[in-house]
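Engineer:
In structure tokens, the structure reads:
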């Protein structure tokens, strides 16, 4: 496979919030590229090209609760939401969709699950990108497939045992 070029727009409500948890945007962009490559190889077979684009919003619980209510009619914040593009574009650059992550929820879940904030955040990034690539977790089989994909994508980034304490 040719080297992918991925344009990632990352919007953060606090520029230093991720850095204080050991997350750097260069590593996040590399993870996104890796998850897209994995998705093309294992799921989105018809997706062609080398240039991809997506948007990542890192926000707070209030923003995610608003999005969660607007799009899923759930009146609570959540860790990650993914909004796949209606269809992959035929242009030179494929717009895959948008991902929104609540850093506040990620911080709470990291404590709850005995993980670092970095590892939990990276997990949510991979989870969101895999949704954009066609993965889901509605059925048991889909859940198992997605969890395996997450582990495969995250292992090279030293994010291990994502479902075990």
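Numbering (our numbering), first residue to last: 17 to 181.
Glycine included, C-beta positions come from ideal geometry on N, C-alpha and C.
Note that this is a predicted model, so its numbers are computed, not measured.
1) Is it true that the region 62-78 meets the region 20-37, where meeting means three or more beta-carbon pairs spaced less than 8 angstroms apart?
2) If residue 118 and residue 76 are in contact, beta carbons under 8 angstroms, what's the gap, nearest whole angstrom?
3) So residue 121 packs on residue 95, CB below 8 angstroms; how close in whole Å?
4) Could you pull the start and end residues of the alpha helix (DSSP H) that residue 154 belongs to?
5) Are the beta-carbon atoms of residue 116 and residue 51 separated by less than 8 angstroms?
6) Name the DSSP bridge partner or partners of residue 73?
7) Please report the distance separating the alpha-carbon of residue 177 from that of residue 110.
8) The beta strand (DSSP E) with residue 97 in it runs from where to where?
9) Thinking just about the alpha-carbon of each residue, which of 138, 179, 155, 154 is nearest to the one in residue 42?
10) Based on DSSP bridge pairs, tell me the residues matched to residue 111.
11) If you draw a straight line from the C-alpha of residue 189 to the C-alpha of residue 60, how long is it?
Structural biologist: Based on what the coordinates show:
1) yes
2) In the chain shown, the residue the question calls residue 118 occupies position 102. In the chain shown, the residue the question calls residue 76 occupies position 60. Residue 118 to residue 76, Cβ: 6 angstroms. Contact.
3) Mapped onto the chain shown, residue 121 falls at position 105. Mapped onto the chain shown, residue 95 falls at position 79. Sure, about 5 angstroms apart at Cβ, within 8 angstroms.
4) Stepping through the chain shown from its first residue, residue 154 is reached at position 138. Neither: residue 154 is in no alpha helix (DSSP H) and is coded neither H nor E.
5) For the purposes of this step, residue 116 is taken as residue 100 along the chain shown, with counting starting at 1. For the purposes of this step, residue 51 is taken as residue 35 along the chain shown, with counting starting at 1. Cβ distance not < 8 angstroms, so residue 116 and residue 51 don't count as in contact.
6) The count along the chain shown starts at 1 and reaches residue 73 at position 57. DSSP lists 27, 116 as partners of residue 73.
7) Residue mapping note: residue 177 aligns to position 161 of the chain shown, counting from 1. Residue mapping note: residue 110 aligns to position 94 of the chain shown, counting from 1. Using only the alpha carbons, I get a separation of about 32 angstroms.
8) Working through the chain shown from its first residue, we reach residue 97 at position 81. It spans 96-100 - the beta strand (DSSP E) in which residue 97 sits, taken as one unbroken run.
9) One-based indexing of the chain shown puts residue 42 at position 26. Of the candidates 138, 179, 155, 154, the one whose C-alpha sits nearest the C-alpha of residue 42 is 138.
10) Position 95 of the chain shown, counting from 1, holds the residue named residue 111. 69.
11) For residue 189 there is no data in the structure shown, the boundaries of the chain being 17 and 181.
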